[in-house]
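Structure record follows, encoded as structure tokens.
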Amino acid sequence: MAATASLTALQAKFPAVTASEFRGQTRAVVLAERLYEALEFLKNEQGFDLLVDVTCVDYLNFRDATDRFGLVYCLANTATNERLIVRAFVNDPDPTVPTAVPLWEGANWLEREVWDMFGITFAGHPDLRRILCPDEFTAHPLRKDYPLQGRGERHNFERLSREEA
Amino acid sequence: MALDLPENIVLSKLDTLASWCRKNSLWPMPFATACCGIELMATGASKHDLARFGAEVFRFSPRQCDLMIVAGRVVMKMLPVLQRIWQQMHEPKWCISMGACASTGGVFDTYSVVQGIDRFIPVDMYVPGCPPRPEQLIQAIIDLQDKIQREGTVDGREFSLASRQQTIRALVELPIQSQWDSARNPMM
Chain A
48 MAATASLTAL QAKFPAVTAS EFRGQTRAVV LAERLYEALE FLKNEQGFDL LVDVTCVDYL
108 NFRDATDRFG LVYCLANTAT NERLIVRAFV NDPDPTVPTA VPLWEGANWL EREVWDMFGI
168 TFAGHPDLRR ILCPDEFTAH PLRKDYPLQG RGERHNFERL SREEA
Chain B
418 MALDLPENIV LSKLDTLASW CRKNSLWPMP FATACCGIEL MATGASKHDL ARFGAEVFRF
478 SPRQCDLMIV AGRVVMKMLP VLQRIWQQMH EPKWCISMGA CASTGGVFDT YSVVQGIDRF
538 IPVDMYVPGC PPRPEQLIQA IIDLQDKIQR EGTVDGREFS LASRQQTIRA LVELPIQSQW
598 DSARNPMM
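See below:
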């Protein structure tokens, strides 16, 4: 269900919000500076009690793109079955957004994954470590400027021979 | 040889005897990480019945195994685990790299997937296929048994560096059954 009323309320409170709809999915783009306020408003006053997913898109070299990273927050209201996608754009050199962990505990690991894969810093996150890649990994591999075959990370292991094992 | 032996006595070498014991009681360690693991399970199950070749005792502790079957892709985060499990297995031990992913990385030519486990641990036998059928894995185990029988020694000389630098004979192709019959019985 498209969250029409909630979107209208969001736009009334945050005039900079632009909205669009695609195949029944409502999407609201908010300014990164006011992202936490918007999420807080949607959770506490519009009843979006479930954070379904946090992910990110790297728009490097994407046609007509003006910003590099587009964060995606998929929200759901389990009482009315409404869904709303909140987006915010951040840029190099230090892409940072406030963490959503105080609102939804489930944001913890989702934000760790976005940090691991895209290098977006979530300010105030209680435990911003890598979650998928090994701890000693240095890159953020889902960035578009990271080579598909890596920078040699998969070869940096000692070789076991018959004599040693 | 003027040895007067009774009919139920066979002369052999200790190496041959040890290899004969080893090859017919392989205890596999299933390192199954992907879809090859399903075929590995099918190989051990009743239809294909790996027990016919003495290798049905899958153990999930590396300390009880002597044959590691790496079935599926190995990512770089998993590789230290693979190496540690290999080191925990007791000698003599062998390794089968099952499927395209374990052998070469397969279609997963990405930053996180190891492009062939033989870059980091020794491998005795490679099984092609994506995933290989149980018959192919059984063939690999038969070929490995052949290798153990021909190259095995009691003190593990075949694993030493000097012997590995020698030219290794190509495996003897097992004859197809019909050729086998016609070779033995030209009248068939």
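So the sequence lines, in the order shown, correspond to chains A and B. Quick note, the first sequence lines up with residues 48 to 212 if you use the working numbering. Quick note, the second sequence lines up with residues 418 to 605 if you use the working numbering. We treat Cβ as the ideally placed atom computed from N, Cα and C, and that holds for glycine. For clarity, every value in this text was computed on a predicted model and none was experimentally measured.
- Segment contact: the stretch 54 to 63 of chain A against the stretch 108 to 115 of chain A, fewer than three CB-CB distances shorter than 8 Å; contact not assigned.
- Within chain B, no C-beta atom comes nearer than 7 Å to that of residue 165 of chain A; the closest sits roughly 14 Å away.
- Taking each of B:432, B:457, B:495 in turn and checking the Cα distance to residue 544 of chain B, the smallest one comes out for B:457.
- Taking all protein chains shown into account, residue 191 of chain A has fewer than 16 neighbouring C-beta atoms within 10 Å of its C-beta and is therefore exposed.
- Sequence-distant partners of residue 437 of chain B (beyond 5 residues in either direction) whose C-beta falls short of 7 Å from its own C-beta, in its chain, are 566.
- Inter-residue distance for residue 483 of chain B and residue 467 of chain B is about 15 Å (C-alpha atoms, whole angstroms).
- Ranked by how close their Cα comes to the Cα of residue 118 of chain A, the residues A:124, A:84, A:165 have A:165 in first place.
- The stretch 154 to 163 of chain A makes no contact with the stretch 488 to 498 of chain B, as fewer than three CB pairs between them are under 8 Å.
- The Cβ of residue 107 of chain A sits no closer than 8 Å to any Cβ of chain B.
- When A:173, A:55, A:132 are compared, the shortest CA-CA separation from residue 71 of chain A is found for A:132.
- Sequence-distant Cβ neighbours of residue 551 of chain B in its own chain, meaning closer than 7 Å and more than five residues away, are 456, 459, 460, 465.
- Among the residues of the stretch 538 to 561 of chain B, those with a Cβ less than 7 Å away from any Cβ of chain A are 538, 539, in the order of the chain.
- Secondary structure remark: continuous alpha helix (DSSP H) runs of at least 4 residues inside the stretch 50 to 84 of chain A, in chain order: 51 to 60.
- Here the C-alpha atom of residue 143 of chain A lies approximately 47 Å from the C-alpha atom of residue 513 of chain B.
- As a beta-bridge residue in DSSP terms, residue 132 of chain A pairs with A:74, A:121.
- Going by DSSP, residue 447 of chain B is part of the beta strand (DSSP E) stretching over 445 to 449.
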